[in-house]
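Q: Starting off with a structure, shown below.
In UniProt numbering, the protein residues as written are 1 to 260.
Here it is in structure tokens:
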């Protein structure tokens, strides 16, 4: 299903996006060396409940996972990149942490992810990984104009990731979003321009470039959820939910973003 929001629904999408952005930035500011992943999950739960919102993950049970997920946020560390199941792990200096959060508020979902380094250590490879996903996300958003096609977004993202020297996995990528977290169309992180669904105002998309340093192969943890690089290399993941408008793409999950 591809869902198109009306102009009267867009303010609700903005509220959902602002909530996701606020929670992620709060979690990032509270996360230090010694923080446990389960603490992050509990903090996320408290903020979601306090806002009168709902987690998109607790009851999430897709065919590829061992569901239900049962937690409020995805926490992926170092070689883990997607669907990181929170567990009893204490973060160390230099760990690369990805927080991926999807929340439904007033009937509209928003989805965003950030990767950052914990503590004072800043390994150059990790800094480069994070930077590449952030640049690719910016390029994808810039390509998301009304009348453009999904392939234009995929091509923009993939061009940045390929230029940075990273292999690209196409099993998981961006997606439509709206009254539910995962909808059509699928937005691969590489592709051919001019192909695929034509973007139109009212379409919400979650764009999410992610990379692994030296492989495009994933392996699944025994928990049935956490996806890691097959070689044990580090990974990074950046994501925003955007709305296609008459004038271009509006980022709904940008921290402290003023809205018209």
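All residues carry an ideal CB built from backbone N, CA and C; glycine is no exception. Computed from a predicted structure; not experimentally measured.
(1) Can you have a look at residue 104 and say buried or exposed, based on whether 16 or more other CB atoms are within 10 angstroms of its CB?
(2) Please report how far the alpha carbon of residue 239 lies from the alpha carbon of residue 20, in whole angstroms.
(3) Does residue 259 come out as helix, strand or coil in the three-state DSSP assignment?
(4) So does the region 209–221 actually touch the region 161–178, counting three or more Cβ pairs closer than 8 Å?
(5) Anyone know if the C-beta pair for residue 115 and residue 98 falls short of 8 Å?
(6) Under 8 Å: do the region 230–238 and the region 176–189 share three or more Cβ pairs, one atom per stretch?
(7) Report the partner residues of residue 75 according to the DSSP bridge assignment.
(8) So is residue 209 buried or exposed if we call it buried at 16+ other beta carbons inside 10 Å?
(9) With a threshold of 8 Å between beta-carbons, can residue 176 be considered close to chain C, or not?
(10) Could you tell me the boundaries of the alpha helix (DSSP H) in which residue 236 lies?
(11) With DSSP as the reference, label residue 225 as helix, strand or coil.
(12) Between the beta-carbon of residue 220 and the beta-carbon of residue 80, is there less than 8 Å?
(13) Considering Cα atoms alone, identify which of 7, 22, 246, 245 is closest to residue 111.
(14) How about residue 206 and residue 158: are their beta carbons less than 8 Å apart?
(15) Which of the three DSSP states is assigned to residue 149 in this structure?
(16) Flag this pair as yes or no: are the beta carbons of residue 201 and residue 245 separated by less than 8 Å?
(17) Tell me whether residue 95 is buried or exposed, calling it buried when 16 or more other Cβ atoms sit within 10 Å of its Cβ.
A: So, from the listed chains and residues:
(1) Under this definition residue 104 is a buried residue.
(2) C-alpha separation (whole angstroms): 11 Å.
(3) Because the pLDDT of residue 259 is 44, which lies under 50, any placement of that residue in the model is unreliable, and the question is left without a value.
(4) Contact between the region 209–221 and the region 161–178 is present, because at least three Cβ pairs lie under 8 Å.
(5) Yes.
(6) Counting Cβ pairs under 8 Å, fewer than three are found: no touch.
(7) DSSP lists 99 as partners of residue 75.
(8) Around the CB of residue 209, 16 or more other CB atoms lie within 10 Å, so the residue is classed as buried.
(9) The chain labelled as chain C is not found in the depicted structure, where only one protein chain is given.
(10) Unbroken run through residue 236 is the beta strand (DSSP E), 235–237; no alpha helix (DSSP H).
(11) Correct three-state label for residue 225: coil.
(12) It is not a contact, given that the beta carbons lie outside the stated cut-off.
(13) Selection 7, 22, 246, 245 evaluated against residue 111 yields 22 as nearest (Cα-Cα).
(14) With contacts defined by Cβ atoms closer than 8 Å, residue 206 and residue 158 do not form a contacting pair.
(15) Reduced to three states, the DSSP call for residue 149 is strand.
(16) Contact flag set, yes.
(17) Buried, because 16 or more other Cβ atoms sit within 10 Å of the Cβ of residue 95.
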